[in-house]
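Right, one structure below, let's go through it.
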Amino acid sequence: MTSMKATIKHLYISPDHNYFGRYGMASMKNPIVECDSLELVAGSGIVSDRFFDYEPDYKGQITFFDWAVYQKISSRFPAEEFAAAVFRRNVVVEGVDLNSLIGKRFRINGMEFTGSCECSPCFWMDEAVGDGAEDFLKGRGGLRARIVSGGSLVAGDANFKVLGDVESEA
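In this note's numbering, the protein residues as written are 129 to 298.
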């Protein structure tokens with residue numbers, strides 16, 4: 129079991145989609161709301177978020193984004209002003225290699241998750257951030273995860289523990 133100290137920098141929900149399922153159409157202007165805490169429900173997602181109870185066993189019940197990637201992309205696109213919210217991930221975290229959690233069971237402050245896959249960036253990132261953002265984010269788009277045991281997730285110091293590999297989902 130590997131333990132890591134990390135910091136949860138931002139927590140977000142959005143009541144509706146801006147990009148999801150909108151290929152070939154204009155993006156929407158639904159807000160993303162910063163929260164002091166998120167209420168996580170095992171197998172369902174985040175209360176009041178657009179993906180709550182989206183579909184059974186949905187791989188993106190919660191999403192994570194790396195603060196270090198946000199800092200790098202902010203310096204790469206300095207003429208653009210954008211907050212970490214622009215990536216529309218639920219949890220912005222510092223101090224964790226998110227790609228290393230793909231296919232792993234992990235715990236944050238007592239709540240358990242399974243890392244499903246990368247949040248692959250899409251062409252919308254060029255609109256939200258600037259031309260070239262989609263390419264820049266390939267391999268660093270964040271993490272989609274399932275919620276195994278819920279609770280209340282708050283911003284601030286966090287204890288991450290990698291528990292092991294996810295059992296085969298065949």
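Glycine included, each C-beta is placed from N, C-alpha and C at the ideal position.
Predicted model only: the values in this text are computed from it and were never measured.
- By the neighbour-count definition (other C-beta atoms within 10 Å, threshold 16), residue 262 is a buried residue.
- Remark: C-beta atoms of residue 247 and residue 272 approach each other more closely than 7 Å.
- In the three-state reduction of the DSSP assignment, residue 202 falls in the helix class.
- Taking the Cβ atoms as the reference, residue 165 lies roughly 6 Å from residue 281, within the contact range of under 8 Å.
- For residue 164, the three-state secondary structure derived from DSSP is coil.
- Taking the CA atoms as reference points, residue 269 sits about 10 Å from residue 191.
- Partner residues in the beta bridge of residue 140, as assigned by DSSP, are 162.
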